[in-house]
Amino acid sequence: MKEFGKKIAKLIDVKSIMTLSLTGAFVALVGSGKIDGDKFMAIYTMIVGFYFGTQTQKKEKE
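Using the working numbering, read the sequence shown as starting at 3 and increasing by one per residue.
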């Protein structure tokens with residue numbers, strides 16, 4: 003149970019909050035028709051790639 007709490011605590015850092023908020027914003031923009039799906043996929047791929055890339059680097063340093 004303590005390990006689960008630690009994992010939840012790690013999710014609440016600045017990068018995670020930024021990634022989730024940007025994802026929500028882009029989903030909202032695509033849903034409202036303000037940007038098209040192709041632009042969304044390019045931007046979203048960069049955001050998610052950066053997020054998971056930094057998470058991988060953190061694990062390698064530990």
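Think of the CB as a built atom: it goes at the ideal place given N, C-alpha and C, for glycine as much as any other residue.
Please read all numbers here as calculations on a predicted model, not as lab measurements.
Helix, strand or coil, according to DSSP, for LYS12 in the structure here? For the purposes of this step, residue 12 is identified with residue 10 of the sequence shown, where counting begins at 1. Correct three-state label for LYS12: helix.
As a quick exercise: from GLY35, THR21 and THR56, pick the residue whose alpha carbon is nearest that of ILE45. As a position in the sequence shown, residue 45 is number 43, starting the count at 1. The candidate whose alpha carbon is nearest that of ILE45 is THR21.
Nearest-angstrom beta carbon gap, GLY39 and ASP50 [assumed within contact, 8 Å]: Numbered from 1 along the sequence shown, position 48 holds the residue referred to as residue 50. Numbered from 1 along the sequence shown, position 37 holds the residue referred to as residue 39. In the sequence on display, residue 50 carries Val and not Asp. VAL50 to GLY39, Cβ: 15 Å. No contact.
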